[in-house]
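What follows is one structure encoded as structure tokens, with my remarks underneath.
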Amino acid sequence: MEPDQQDYDYVAWDLNDEAAEKDEKRLRCKSAWVSMETLVERWCGKPATLKLPLMIGGYNIAYRMRVEGADDVVVRVPTPAMVMFPEEKTLAEVATMKYVKDKTSIPVPTIYHHGLSDNGIDQFIIMPYIENSGSLSATLKDPKTEPGEIHRLDP
326 MEPDQQDYDY VAWDLNDEAA EKDEKRLRCK SAWVSMETLV ERWCGKPATL KLPLMIGGYN
386 IAYRMRVEGA DDVVVRVPTP AMVMFPEEKT LAEVATMKYV KDKTSIPVPT IYHHGLSDNG
446 IDQFIIMPYI ENSGSLSATL KDPKTEPGEI HRLDP
């Protein structure tokens, strides 16, 4: 390390990790599930139930919801402690998805609704659930990569 560089602020990292764990627990509890079901019922107009497991990523939690008499949807919610500006993040993602859909032939899910909820959920995006066969990381994984090693593309 160069003499004019500072060490990472481990106290801040630890506090952020604790906040992220607290947020993840809050978003995994039954009251959050019920809030998601209520949100989907309001926007889809039909009863909805959570279909486990939750999909937890680095910056979002995705709730797959079974909608009575319709295709499943996903409610995607930013994890508050991991995202500094969840409203801006959500709006940018929605705008990017709409742009890609309008200007290219790349398949992009339709956004049914997005915004700020009044039932305890911050920003969200509701879109169709698309069946898949795993993550992009798993698809690109080099079989020679050791367990725990970071996936890297080698151009």
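Counting with our numbering, you get residues 326 to 480 for the letters of the sequence shown. We put the beta carbon where it would ideally sit given N, CA and C, even for glycine.
If you look at VAL433, you'll find it isn't in any beta strand (DSSP E); DSSP assigns it neither H nor E.
One thing to note: THR415 has its Cβ within 8 Å of the Cβ of GLN448. Taking C-alpha positions only, SER430 is separated from TYR424 by approximately 11 Å. By the beta-carbon neighbour count (other beta carbons within 10 angstroms, threshold 16), LEU352 is buried. Of the residues CYS354, ILE450, GLY382, TRP358, the one whose Cα lies closest to the Cα of ALA417 is ILE450. The three-state secondary structure of PRO403, taken from DSSP, is strand.
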